[in-house]
Ligand code: CP
Ligand code: NVA
């Protein structure tokens with residue numbers, strides 16, 4: 004089984020996985036070690052930089068008794084010296100699971116097709132399902148379930164698209180505000196409707212945050228979009244998409260991180276008690292340990 008999109012698991016599997024993550028988190032807090040993945044190896048392919056994904060997967064494997072191999076953009080032949088499918092087949096002969104952070108989503112799909120071990124999407128231009136696992140775990144901890152209203156205020160790309168599908172799976176009430184031209188794809192909205200409910204969509208951040216319990220944002224310029232920087236910054240700031248004290252009331256604030264203070268969020272909001280971003284970041288570790296044990 005691969006984990007390339009959050010809807011690769013059913014609602015029931017997702018709940019089981021989150022429960023497993025909570026159990027592992029509690030064990031970890033009690034200082035209990037686990038040898039569940041003793042002798043197992045994870046190959047981690049990175050075409051883009053990462054702090055949270057890299058460190059949480061690597062430490063997660065160690066805490067489970069296994070081992071992770073970091074494969075950065077200059078370390079392996081993926082995509083340039085060797086076709087993706089050959090990398091998939093060769094790595095499968097060494098490691099027990101592969102995690103890949105790449106630009107083109109089709110590359111993780113091809114890895115998944117040719118690998119004979121599970122492949123996990125560690126972020127593509129289209130999706131970030133591991134982030135959604137941690138986000139749902141964080142919301143479940145805060146609200147004791149998914150009876151909460153969330154507003155997405157920002158770009159409708161990878162992190163948002165996975166969150167839309169995750170919200171549909173668990174029945175979270177979601178409104179997505181994106182500037183004109185930066186919305187979630189129709190395919191993702193249609194899939195959300197198939198899974199449960201498609202979110203409300205708007206181009207007005209104020210409408211979205213009104214009545215919400217949580218407001219979630221992401222950077223305006225994602226990795227690989229550097230050439231669009233000036234255009235995107237002006238589109239998002241002119242449309243009032245910054246999370247600041249004027250836009251917000253008393254909502255909690257989520258951010259997948261890294262954050263660009265002064266762009267999508269102010270320093271004051273990020274540093275305030277309303278920001279639950281460090282819980283989200285920590286939960287990457289516990290959620291992915293749940294995922295790794297589930298897949299293996
Ligand atoms: N949120 C997230 O995936 O962070 P990194 O880019 O640091 O891995
Ligand atoms: N949307 C951001 C998320 C980083 C975790 C990016 O793709 O750069």
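Numbering (the numbering used here), first residue to last: 4 to 299. The beta carbon of each residue, even a glycine, is placed where N, CA and C say it ideally should be.
Closest Cα partner of residue i within the set the options
i, options, result
"residue 264", "277, 238, 222", "222"
"residue 285", "100, 137, 278", "137"
"residue 292", "40, 171, 132, 12", "40"
"residue 102", "203, 239, 120", "120"
"residue 6", "262, 91, 231, 112", "112"
"residue 146", "175, 156, 123", "175"
"residue 25", "141, 260, 230, 188", "141"
"residue 158", "48, 36, 207, 55", "207"
Pair within 8 Å by beta-carbon distance, residue i and residue j
i, j, result
"residue 297", "residue 23", "yes"
"residue 124", "residue 130", "yes"
"residue 72", "residue 114", "no"
Assigned exposure category for residue i - 16 Cβ within 10 Å defines buried
i, result
"residue 211", "buried"
"residue 269", "buried"
"residue 306", "There is simply no residue 306 to check, as the chain begins at 4 and stops at 299 in what is shown."
"residue 219", "buried"
"residue 232", "exposed"
"residue 116", "exposed"
"residue 4", "exposed"
Check: residue i C-beta below 7 Å from any heavy atom of the ligand NVA
i, result
"residue 160", "yes"
"residue 126", "yes"
"residue 222", "yes"
Three-state secondary structure (DSSP) of residue i
i, result
"residue 281", "helix"
"residue 56", "helix"
"residue 49", "strand"
"residue 247", "coil"
"residue 146", "helix"
"residue 71", "strand"
"residue 185", "coil"
"residue 5", "coil"
"residue 167", "helix"
"residue 90", "helix"
"residue 301", "A query on residue 301 cannot be resolved here, the shown segment of the chain reaching from 4 to 299 and no further."
"residue 154", "strand"
"residue 264", "strand"
Any C-beta of chain D under 8 Å from that of residue i
i, result
"residue 224", "No chain D is present in this structure, which holds just one protein chain."
Residue i Cβ short of 7 Å to the ligand CP heavy atom set
i, result
"residue 259", "yes"
"residue 225", "no"
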